[in-house]
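Here is the structure we will look at, set down as structure tokens.
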Amino acid sequence: GQQVMQIPQYQHVQEGEDFTTYCNSSTTLSNIQWYKQRPGGHPVFLIQLVKSGEVKKQKRLTFQFGEAKKNSSLHITATQTTDVGTYFCAGPGSGGSNYKLTFGKGTLLTVNP
Amino acid sequence: KAGVTQTPRYLIKTRGQQVTLSCSPISGHRSVSWYQQTPGQGLQFLFEYFSETQRNKGNFPGRFSGRQFSNSRSEMNVSTLELGDSALYLCASSLGLGTSAYNEQFFGPGTRLTVL
Numbered sequence: 001g002q003q004v005m006q007i008p009q010y011q012h013v014q015e016g017e018d019f020t021t022y023c024n025s026s027t028t029l030s031n032i033q034w035y036k037q038r039p040g041g042h043p044v045f046l047i048q049l050v051k052s053g054e055v056k057k058q059k060r061l062t063f064q065f066g067e068a069k070k071n072s073s074l075h076i077t078a079t080q081t082t083d084v085g086t087y088f089c090a091g092p093g094s095g096g097s098n099y100k101l102t103f104g105k106g107t108l109l110t111v112n113p
Numbered sequence: 114k115a116g117v118t119q120t121p122r123y124l125i126k127t128r129g130q131q132v133t134l135s136c137s138p139i140s141g142h143r144s145v146s147w148y149q150q151t152p153g154q155g156l157q158f159l160f161e162y163f164s165e166t167q168r169n170k171g172n173f174p175g176r177f178s179g180r181q182f183s184n185s186r187s188e189m190n191v192s193t194l195e196l197g198d199s200a201l202y203l204c205a206s207s208l209g210l211g212t213s214a215y216n217e218q219f220f221g222p223g224t225r226l227t228v229l
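Chains as they are written, first to last, in our numbering: chain Y, 1 to 113; chain G, 114 to 229.
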């Protein structure tokens with residue numbers, strides 16, 4: 001079945017440093033979604049990428065979707081303590097009508113003030 | 114607009130019992146998806162309901178079942194509970210199918226189930 005892998009599993013940074021998490025799928029994705037889950041909270045939708053090679057920015061966050069639509073990345077510039085949490089990518093398979101959303105295991109980001 | 118609500122928030126059961134969890138989606142949303150979250154396995158898709166029909170199903174045993182009502186509210190049932198069913202159960206609602214493009218999923222706060 002489809003697998004979505006994320007690396008790294010954990011990342012600890014000093015406040016002000018940059019952070020990147022990578023997401024790789026075993027199959028082509030029709031779209032990819034990113035979520036953030038704060039400690040003790042629930043996942044919150046950040047963004048969805050649909051087009052091959054798409055790049056979207058949200059303030060200090062930059063999201064990319066690979067040309068082959070099998071990988072994606074999230075980059076945070078100049079991290080802040082408010083960025084702490086687990087970042088998940090999720091994607092469905094492409095084609096057909098009976099596919100499910102598969103989540104990566106997530107990258108836990110901790111920020112030292 | 115009110116968010117996704119889940120009840121109960123916490124539940125303690127013993128092995129062999131059954132449990133029913135409830136999810137009320139955002140008004141107007143027709144899709145409700147259920148996920149199991151554990152430290153070891155992460156977020157795993159259970160099933161998705163859209164307009165009262167199960168549209169997609171994850172790789173969970175038949176002990177896990179669900180349904181959706183005409184008002185889009187959804188319930189999830191787990192029968193013959195096992196220790197390994199201890200987890201945070203999250204539901205998410207969206208306008209369209211959860212996997213579709215240009216569709217945002219809104220998660221509820223979850224139900225923390227502990228099986229003793």
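Quick reminder that beta carbons are idealized off the backbone N, C-alpha and C, glycines included.
Gln3 (chain Y) is classed as exposed because its beta carbon has fewer than 16 other beta carbons within 10 Å across all chains shown. Judged by DSSP in its simplified three-state form, Gly197 (chain G) adopts helix.
Using a Cβ distance threshold of 8 Å, Phe182 (chain G) and Glu165 (chain G) count as a contacting pair. Residue range Leu61 to Phe65 is occupied by the beta strand (DSSP E) that includes Leu61 (chain Y).
Counted as a single uninterrupted DSSP element, the stretch harbouring Lys51 (chain Y) is not any beta strand (DSSP E), since DSSP gives it neither H nor E. With a minimum length of 3 residues, the unbroken runs of beta strand (DSSP E) contained wholly in the segment 129 to 208 of chain G fall at 132 to 137, 144 to 151, 155 to 163, 166 to 170, 177 to 181, 187 to 191 and 200 to 207. In chain order, Phe158 make up the part of chain G whose C-beta sits under 8 Å from the C-beta of Thr102 (chain Y). Think of a sphere of 9 Å around the beta carbon of Pro222 (chain G): the chain Y residues whose beta carbon falls inside it are Gly41 and His42, in chain order. With its beta carbon at least 8 Å from every one in chain Y, Gly179 (chain G) lies outside the interface.
Three or more Cβ pairs closer than 8 Å define a contact, and the segment 134 to 146 of chain G meets that threshold against the segment 203 to 222 of chain G.
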